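Asker:
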Amino acid sequence: MLDLAGKPLLWHMIDRVRRVEGVTDVVLATTQDPRNQPMIELAAQEGLKYHCQPGEDDIAGRIAGAIKNCPGDIVLKVGGDCPLIDPEVLQKIVNTAVAAGDADFVSNRLDWSYPLGLSADVLSRKAIEWCDENFTDAEDRELFAVRIRDNPDRFKVIGVVNDVDLSRHGWTVDEPKDVGFMRDIFDHLYRKGEVFGMAETLAYLTASGKLDHG
């Protein structure tokens, strides 16, 4: 697993998600690929639940399986390559979903305004379960969250937008060049027991002339 400031990337994501008020369970949803074993071991060390599916592409089945033994009517879903996810941004999405009461999909990726790598979805349990039970096409099952997002006639969809459009910036770990970029950010901003957010990251990258990395 990629190391950032002495901790695995996944550890930082777990730490950040745990800071969101209202989160009762953090679940690692992954596959049975042996290469994922270190992530499973870390999840166990951190006291997390985890769910492993045989295939890579059945995301609907993976998420439905991951939440099967968890309470709650809504699910906060974040990708695995986003160590800079900001608890404040996640909290805003969660609060919007809670305030709406009956939303099926609340996300900051309807109208992109946050840097890539700070996106998250809150989905209703009933929408996830409906997709798992009704989608039979492989592509639909892989892109089930997109199918929910793109069908406002069937599902209640709400967007969360940032005050400033930062969507041209990429803050994920997708390519080899991203590793050094991310390590530089964490080496400069991470402090044990604390979490830095979007504002601190933006300020550092602006001051250091590295904002246009991606």
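In our numbering, the protein residues as written are 516 to 729. No residue lacks a Cβ here, since even glycine has one placed at the ideal position from N, Cα and C. Computed from a predicted structure; not experimentally measured.
Should Asp601 go down as buried or exposed, given a rule of 16 or more other Cβ atoms within 10 Å for buried?
Answerer: Asp601 is buried by the Cβ-count criterion.
Asker: Grouping DSSP H, G and I as helix and E and B as strand, with all else coil, what is Asp596?
Answerer: Residue state, collapsed to three classes: coil.
Asker: Residues in its own chain within less than 7 Å of Val694 by CB, not counting five upstream and five downstream?
Answerer: Within the same chain, Val694 has close Cβ partners Leu517, Val688.
Asker: Taking Asp756 as the reference, which of Cys567, Ala559, Arg531, Ala579 has the closest Cα?
Answerer: Beyond the ends of the chain as shown, which are 516 and 729, falls residue 756; an answer cannot be given.
Asker: Would you mind working out which of Leu720, Arg683, Gln560 sits nearest Tyr629, comparing C-alpha positions?
Answerer: Comparing Cα-Cα distances from Tyr629 to each of Leu720, Arg683, Gln560, the minimum goes to Arg683.
Asker: Contact between the region 549–566 and the region 610–619: three or more CB pairs below 8 Å?
Answerer: With the cut-off at 8 Å, the region 549–566 and the region 610–619 do not touch.
Asker: Can you give the Cα-Cα distance for Met528 and Val621, rounded to whole angstroms?
Answerer: Going from the Cα of Met528 to the Cα of Val621 covers about 20 Å.
Asker: Quick one: which unbroken beta strand (DSSP E) runs of 3-plus residues sit fully inside the region 536–564? Chain order, please.
Answerer: You should have 542–546.
Asker: In chain order, what residues of the same chain have a beta carbon less than 8 Å from the beta carbon of Glu536, not counting five sequence neighbours either side?
Answerer: Gln606, Val609, listed in sequence order.
Asker: Suppose only complete runs of 4+ residues qualify. What are the alpha helix (DSSP H) ranges in the region 593–636, listed by chain order?
Answerer: Listed in chain order, they are 602–615.
Asker: At which residue ranges does the region 646–728 contain complete alpha helix (DSSP H) runs of 4 or more residues, listed in the order of the chain?
Answerer: The region 646–728 contains these whole alpha helix (DSSP H) runs: 653–657, 659–664, 691–704, 713–722.
Asker: Ordered along the chain, which non-local residues of its own chain (more than five positions away) have a Cβ less than 6 Å from that of Cys646?
Answerer: These residues qualify, in order along the chain: Ala575, Phe659.
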